[in-house]
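Novice: Below: one structure in structure tokens.
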Amino acid sequence: MKNPDTEDLYTRIWTLVSQITRGRVATYGQIATLAGSRRHARAVGYALKCAPMPLPWHRVINAKGEIAFPPTSTNYETQHKRLRREGIPVVNGRVDLKKYRWTPRDREFPDEYFAAET
DNA sequence: CATATGACCTATG
DNA sequence: TCATAGGCCATAT
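Next up, the structure:
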């Protein structure tokens with residue numbers, strides 16, 4: 001991560017993820033959109049991987065409601081365990097986004113966060 | 001510079 | 001609901 005723009009992007013992603021409330025989940029695309037552009041869905045994963053501070057990364061899942069790690073990985077197990085521990089059911093490998101999707105509060109996210117991307 | 005690889009997403013049938 | 005196709009983009013090699 002040498003590019004300064006990328007660093008800004010990652011910083012916004014880290015801030016957003018840190019604000020996901022307990023017992024709720026957000027998707028990679030959702031975070032990317034809030035961070036400024038919905039095209040960076042893939043970059044969210046990278047940003048979480050190199051986060052310099054502890055973050056509730058387990059609250060970030062894909063658009064289908066699934067844990068994005070390979071089901072056989074230890075990362076998958078860790079995330080699954082943490083979600084269940086927060087009271088988020090994972091049935092058939094997926095979370096009900098209709099019920100558990102996190103939505104930012106207006107006060108936390110001023111209008112510029114939702115402005116059309118340039 | 002060219003490819004390949006993901007903690008991805010949407011549109012479409 | 002599932003599968004496929006095409007798109008996206010930071011990183012790694």
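Numbering (this note's numbering), first residue to last: 1 to 118.
Note that the Cβ used here is the ideal one computed from N, Cα and C, for glycine as well.
#1: I'd like to confirm the pairing. Which residues does DSSP put opposite R12 in its beta bridges?
#2: Please classify W102: does DSSP put it in a helix, a strand, or coil?
#3: When burial is assigned at 16 or more other CB atoms within 10 Å of the CB, is T118 buried or exposed?
#4: By Cβ distance, which residues of its chain are closer than 6 Å to S18, with the 5 residues on each side in sequence left out?
#5: Starting from Q30, follow the alpha helix (DSSP H) in both directions and report where the run begins and ends.
#6: Can you have a look at V60 and say buried or exposed, based on whether 16 or more other CB atoms are within 10 angstroms of its CB?
Specialist: Let me lay it out:
#1: In the DSSP output, where bridge partners are listed per residue, R12 has none listed.
#2: coil
#3: Any answer about T118 is weak, because its pLDDT of 47 lies below 50 and its placement is not dependable; what the coordinates show is given next. Exposed is the call here.
#4: L55
#5: Y28 to A35
#6: buried
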